[in-house]
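FYI, our numbering numbers position 382 of the sequence shown as 958, with every residue one higher than the one before it. Notes follow once the structure below has been shown.
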Amino acid sequence: SVVLLREAGAVVAATRERAGAFDLPLDLARYPEIRAALERRAPVVVSDALADPLLAPVRELVERAEVRSVLVQPLIHDGEGLGALFCHARRRTEAFGPAEVELAGCVAAVLAAVLAGPVCGQRRGRAKALEHAQLESAYLERYTELVEANRRLKELLRFKDEVLGVCSHDLRGPLNVLLGHGRLLAEAELGKQDAASVQAILRQGRRLVELVEDLLDRSRGDGGQLTLEPDEVDLARVCRELAAEQEIIGAERGVSIAVEVPDALELIGDRVKVRHVVQNLLDHAIAHAREGGHVRLVAQRLERPDGEIARVSISDDGPALGADQLPCLFERHGRGGSAPGLAICRELVELHGGEVFADNPPAGGVCLSFTLPADESKLPGERLHPEPRKRVLVVED
């Protein structure tokens, strides 16, 4: 008989005593000789079944079956027990000698080799199914985590937008009141010192409004929502106006501002965003110039093979930067903690189809530059706002 080990238990796969019968359940508890052969990984020979102590627990069954000699040869493949070849003789002791044992060993080796394919294949199939189930479980767990993380991220982004909306509204209200009354004071007849103070108040009020706009621009930039509102912009005038407004800030540190711009430098761009870029670069230069030093602002029109461009360069006379620091200056983390402002400058310039640069001039310090296309056709069309939005100044009192 051929006995095979299955997951559900042992079965008789084939037997001479019941021809045509397959996979008959077998209770190994009633066959200690088969258990012994599988455990020892060696053949078991019982010369006298009625006298051998191995079969003592099942002596009564042996007597009823009239079995006197037993030979069990385990089916082993790659060290794994697949089953056993079970032979017995009735009414004859010492039926299995060395020759029979050797023959049974050869037959068992062939059977094990033949059976190893489907048995191992079934086990590999079960192992693959288990691995697939584990991977699927891990995937579902990871997917659930990602869904939850995405939900939390959306909540945080919504909360951020709400905070920015509230902050911009709450800040704009008092600032607009300040600017409104400041303009009224500026129209009144004041002494020279008082007029200068009012102008300083107006400049800083406008600066605070720009900071609020900067905050909103950063938010829109992070969300990919920035668009352009193109209009005619005189870049030379923008540079002169901002330099004049920043003179009082530079004077606090003894920093002078030299402006070298043509009478006019016309281009098409978003006026607010262009001013924002020049303002931030100018602020950066004043902050990093040496005490009593100077800042130089240069604007010019240049010819390039792909068309005319406008270039603005703002340099300070402060400490120079290493070659490895310059490429990172317009990133989120850069020189002196000012990188977020420079990062939004890069985004605004690139939104216009321009470029930003940073280098160390031979005279020392750092020079920050940007270019903008002078030709309207060079503006990225997909980022243009369809209709220029009107700006309304709301004064609350």
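The beta-carbon is built from N, C-alpha and C at its ideal position, and this holds for glycine as well.
Check whether residue i and residue j have beta carbons under 9 Å apart
i: Val578; j: Gly659; result: yes
i: Ala820; j: Pro838; result: no
i: Asp892; j: Ile862; result: yes
i: Pro601; j: Val634; result: no
i: Gly930; j: Pro895; result: no
i: Ile825; j: Asp859; result: yes
i: Leu818; j: Arg851; result: yes
i: Val588; j: Ala612; result: no
i: Cys943; j: Ile890; result: yes
i: Leu691; j: Leu651; result: yes
i: Asp846; j: Leu927; result: yes
i: Asp628; j: Glu670; result: no
Residue i, enclosing alpha helix (DSSP H) - first and last residue
i: Leu811; result: Leu811 to Ala827
i: Asp859; result: Arg847 to His864
i: Val638; result: Arg635 to Ala641
Residue(s) in a DSSP beta bridge with residue i
i: Cys663; result: Leu647
i: Val560; result: Because the chain is modelled from 577 through 973, residue 560 falls outside the range shown and cannot be assessed.
i: Leu580; result: Val587 and Gly659
i: Leu944; result: Ile890 and Ala934
i: Arg617; result: None; Arg617 has no bridge partner.
i: Glu808; result: Ile844
i: His653; result: Glu656
i: Val975; result: In the structure displayed, the chain extends from 577 to 973; residue 975 sits before or after that span and is not available.
Where residue i falls: helix, strand or coil (DSSP)
i: Leu600; result: strand
i: Glu670; result: coil
i: Gly913; result: Unreliable placement is indicated for Gly913, whose pLDDT of 43 sits below 50; the coordinate value is still reported in the next sentence. It is helical.
i: Arg727; result: helix
i: Pro895; result: coil
i: Arg967; result: Note that Arg967 scores 46 on pLDDT, short of 50, meaning its location in the model is unreliable; the coordinates nonetheless yield the value given after this. Three-state result, Arg967: coil.
i: Asp770; result: helix
i: Asp737; result: helix
i: Arg880; result: strand
i: Asp973; result: Below a pLDDT of 50, predicted positions are generally treated as unreliable, and Asp973, at 46, falls in that range; the measurement from the model is reported next regardless. Note: Asp973 maps to coil in three-state DSSP.
i: Pro962; result: Residue confidence is low: Pro962 scores 47 on pLDDT, short of 50, so the model does not pin down where it sits. No coordinate-derived value is stated.
i: His928; result: coil
Whole-Å CB distance - residue i paired with residue j, under 8 Å assumed
i: Val854; j: Val814; result: 6 Å
i: His664; j: Val646; result: 5 Å
i: Gly749; j: Leu778; result: In fact, because the Cβ distance is near 17 Å, the residues do not count as touching under 8 Å.
i: Arg666; j: Glu642; result: 5 Å
i: Val888; j: Phe946; result: 6 Å
i: Val925; j: Leu948; result: 7 Å
i: Leu614; j: Gly681; result: No, Leu614 and Gly681 are not in contact; Cβ-Cβ is about 15 Å, not under 8 Å.
i: Ala762; j: Val774; result: 5 Å
i: Asp935; j: Leu902; result: 6 Å
i: Ile610; j: Phe662; result: 6 Å
Extent of the continuous beta strand (DSSP E) run through residue i
i: Ala934; result: Glu931 to Asp935
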